[in-house]
Structures are given as C-alpha cells and as structure tokens.
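In the numbering used here, the protein residues as written are 12 to 351.
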C-alpha cells in the first residue's frame with residue numbers, strides 16, 4: 012500500500028480513494044459490502060455528496076462504529092449560506108458522524124471567497140470553527156474556476172476530472188496544487204467510461220505523486236481490480252504504456268466527458284450519452300448501444316432546436332450541437348453495417 016499526505020492537511024490516506032457516486036444504483040447491503048471490502052483492502056478515503064441520492068446514507072451505514080478509521084469527504088451544491096448549513100446538518104446525520112474531514116463546494120460556477128454576497132465561504136468557516144468540518148475544499152469542471160481556487164489560497168484540496176486522456180491544462184492544475192500545497196483529487200479517472208483498462212488507469216495515476224484518484228465503484232469486479240493495484244502496486248509496464256498511447260491517439264481532443272452539466276435538454280435529448288456515442292460504440296460491446304431503446308434516444312437528436320443552451324453550460328467549451336450531429340451520423344452508419 013502507498014500512503015500519502017493529502018496536500019497540507021496532515022491527513023494520511025491510501026493513494027487510491029473510493030468514489031461513492033455509483034453505489035446509489037445498488038442496494039444498501041451490496042453497497043455496504045463493497046465499502047467494507049474496500050476498507051479491508053486498504054482504502055481509507057471515501058468521497059460522496061448530498062447530490063448522490065442515498066450514497067451518504069449507505070456510507071454511514073457501512074462504517075457505523077468505524078469513524079476514526081476512515082477519512083470522509085462530501086459535498087454541497089448550495090448557493091447560499093442557509094442552504095449550506097442545512098446540507099451539512101443532513102450530511103452529518105446521514106453519514107452518522109459529528110464532523111466531515113473534507114467538505115467541498117460542489118462544482119460552483121464561481122470561486123466562493125470570504126465576504127462574498129453568497130455567504131458560502133464565510134458559513135463554511137463558521138462550520139470549521141464549530142468543529143463540524145476539518146477542511147474546506149472545492150470541486151469543479153471549469154478550468155477558470157479551478158485555477159482561481161488554487162490561486163486564492165483558500166482551499167485544502169481541488170477535485171477535478173483527471174485521467175491519462177487529460178491535457179496540458181489539467182496538468183497545469185495539478186502542478187498549481189503542488190506549488191500551493193493543495194491536495195488534488197481526481198474524479199473521472201476512467202474518463203467517464205471511455206478508458207476500459209483499470210490497471211492502465213491506475214498505473215498512470217501512480218506516476219502522479221500528489222494525485223488521489225477516487226475510483227467510482229458499482230461492481231465487485233471493478234473494486235477487485237483497484238484493490239489488486241493497492242496491494243501489489245500498478246507498474247507502468249510497456250504493455251500498459253502501449254494501451255495508454257493507443258487510447259490517447261484514439262480518444263484525445265474534442266470529446267464529451269459525459270459530466271451531464273449540459274442537462275436537461277428542452278427536447279429531452281440525453282446529451283451526456285448521445286454526444287459521445289461514437290466513442291462508446293468503439294469502447295464497449297456494440298450490441299449494447301444498438302438496441303431499439305437506444306435508437307429512439309438517438310432519434311431525438313433530430314428534434315434539436317440549436318438553442319445553444321447545452322453549449323453555453325458545457326464546462327469544456329464544446330460545440331455540443333455539432334457533436335450531437337456527428338454522433339448521430341456515425342450511429343446510423345454503424346447500425347446499418349451491423350444489419351448487413
């Protein structure tokens with residue numbers, strides 16, 4: 012196992028963390044089984060959020076009576092001080108604890124600061140003084156907000172999408188955190204499902220000394236892969252280097268990360284999947300995406316109003332309507348070929 016210090020917090024954690032978003036999709040007992048197995052395998056950092064339906068409740072259930080053995084991180088998407096306070100009190104109750112180790116503003120469209128009209132940072136400071144949170148942190152999908160958070164000196168950690176498909180801009184954020192003494196928490200280490208080899212993903216993360224990936228786990232086979240890396244390490248072998256380079260050549264560039272911040276679409280288009288369908292057809296068993304149900308979802312692209320709302324909300328600045336049309340065209344070509 013490889014333990015590291017989380018930025019300048021003084022908190023020591025296993026370098027691989029557990030992302031608890033996917034456990035909202037499974038039963039309470041199945042989630043508890045995975046969480047406890049992760050702990051038994053050496054993982055002690057668990058990241059959840061108020062927005063993840065019953066994820067906090069499941070984490071609290073799994074670790075009842077074990078609070079001193081784990082590091083808990085959660086998030087609030089509140090836009091004002093009163094809502095932030097309510098979210099914290101709810102999180103404390105559902106997690107079964109009286110304090111949160113890392114409390115994060117959840118993807119705010121701006122960088123909360125002391126004295127702001129929103130009151131968010133000032134309220135977080137009060138909660139810290141009360142001992143209800145240990146460290147104030149932030150998550151984001153916007154490069155500008157993330158960079159501002161680093162430069163502000165106000166945050167213990169930054170959580171941002173990061174994988175071996177990331178580019179120079181994300182590398183700059185990691186280096187900025189290093190210089191600022193901040194921890195860097197990597198969400199979407201598998202690039203929203205585009206990366207298929209967990210060992211290659213973990214091996215890349217091993218080369219990033221301050222980066223803590225929080226692997227989103229829903230199935231036991233996924234967890235087993237990462238626990239093997241925790242126990243035995245994940246060397247960047249020539250075979251894994253080749254996988255990484257192949258994926259970079261195929262996938263890097265203007266692609267939808269599937270974050271969903273463009274949603275909802277006024278026409279009901281499932282943008283976060285439809286706008287990256289071409290990639291998913293190459294990365295996963297094709298038949299899974301060519302069902303009548305998915306054909307109906309892709310047909311909805313025909314109703315696109317080109318209103319620009321999705322593009323305006325995309326944190327990566329993508330031309331979403333253009334991506335939808337390109338993926339629409341590719342989809343029907345693949346479907347036609349499969350029926351020959």
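The beta-carbon is built from N, C-alpha and C at its ideal position, and this holds for glycine as well.
Residue j beta carbon less than 8 Å from that of residue i
i: residue 272; j: residue 215; result: no
i: residue 334; j: residue 260; result: no
i: residue 264; j: residue 284; result: no
i: residue 326; j: residue 117; result: no
i: residue 209; j: residue 180; result: no
i: residue 223; j: residue 196; result: yes
i: residue 178; j: residue 161; result: no
i: residue 315; j: residue 280; result: yes
i: residue 290; j: residue 154; result: no
i: residue 229; j: residue 37; result: yes
i: residue 67; j: residue 122; result: no
i: residue 59; j: residue 146; result: no
i: residue 8; j: residue 345; result: No statement about residue 8 is possible, as the shown extent of the chain runs from 12 to 351 and does not include it.
i: residue 244; j: residue 18; result: no
i: residue 87; j: residue 99; result: yes
i: residue 25; j: residue 54; result: yes
i: residue 211; j: residue 200; result: no
i: residue 56; j: residue 28; result: yes
i: residue 190; j: residue 163; result: no
i: residue 323; j: residue 329; result: no
i: residue 134; j: residue 96; result: yes
i: residue 198; j: residue 172; result: yes
i: residue 277; j: residue 310; result: no
For residue i, the first and last residue of its enclosing beta strand (DSSP E)
i: residue 148; result: 144 to 150
i: residue 14; result: 14 to 16
For residue i: DSSP bridge partner residues
i: residue 168; result: 194
i: residue 226; result: 29
i: residue 22; result: Answer is none; residue 22 lacks a bridge partner.
Residue range of the unbroken alpha helix (DSSP H) whose run includes residue i
i: residue 43; result: 39 to 51
i: residue 208; result: Unbroken run through residue 208: none, as it is neither H nor E.
i: residue 255; result: 249 to 262
i: residue 332; result: 331 to 349
i: residue 161; result: 154 to 163
i: residue 307; result: 303 to 310
i: residue 282; result: 282 to 285
i: residue 293; result: 288 to 294
i: residue 136; result: 131 to 140
i: residue 273; result: Residue 273 -> no alpha helix (DSSP H), and no H or E assigned at all.
i: residue 266; result: Looking at the DSSP string, residue 266 is not in any alpha helix (DSSP H), and its letter there is neither H nor E.
i: residue 315; result: No alpha helix (DSSP H) holds residue 315; DSSP gives it neither H nor E.
i: residue 236; result: 231 to 243
Nearest-angstrom Cβ-Cβ length linking residue i and residue j, presumed shorter than 8 Å
i: residue 30; j: residue 232; result: At roughly 16 Å, the Cβ-Cβ gap does not stay under 8 Å, so residue 30 and residue 232 are not in contact.
i: residue 149; j: residue 169; result: 6 Å
i: residue 42; j: residue 69; result: 4 Å
i: residue 131; j: residue 111; result: Actually they do not touch by this definition, with Cβ atoms about 15 Å apart.
i: residue 144; j: residue 114; result: 4 Å
i: residue 61; j: residue 108; result: Going by Cβ atoms, the distance from residue 61 to residue 108 rounds to 14 Å, so no, they are not a contact pair.
i: residue 219; j: residue 185; result: 7 Å
i: residue 74; j: residue 46; result: 7 Å
i: residue 52; j: residue 242; result: 7 Å
i: residue 282; j: residue 331; result: 6 Å
i: residue 102; j: residue 85; result: 5 Å
i: residue 297; j: residue 349; result: 7 Å
Distance cut-off 7 Å: residue i Cβ against heavy atoms of the ligand COA
i: residue 81; result: No copy of the ligand COA occurs in the structure displayed, which carries no ligand at all.
Short CB-CB distance (under 8 Å) between residue i and chain C
i: residue 41; result: Considering every chain present, this structure includes no chain C. It has just one protein chain.
Query raised in the report: Which runs of the beta strand (DSSP E) fall wholly inside the region 55 to 121 and span at least 3 residues, in chain order?
Result: Those beta strand (DSSP E) runs which fall completely within the region 55 to 121 and span 3+ residues are 56 to 58, 82 to 87, 111 to 117.
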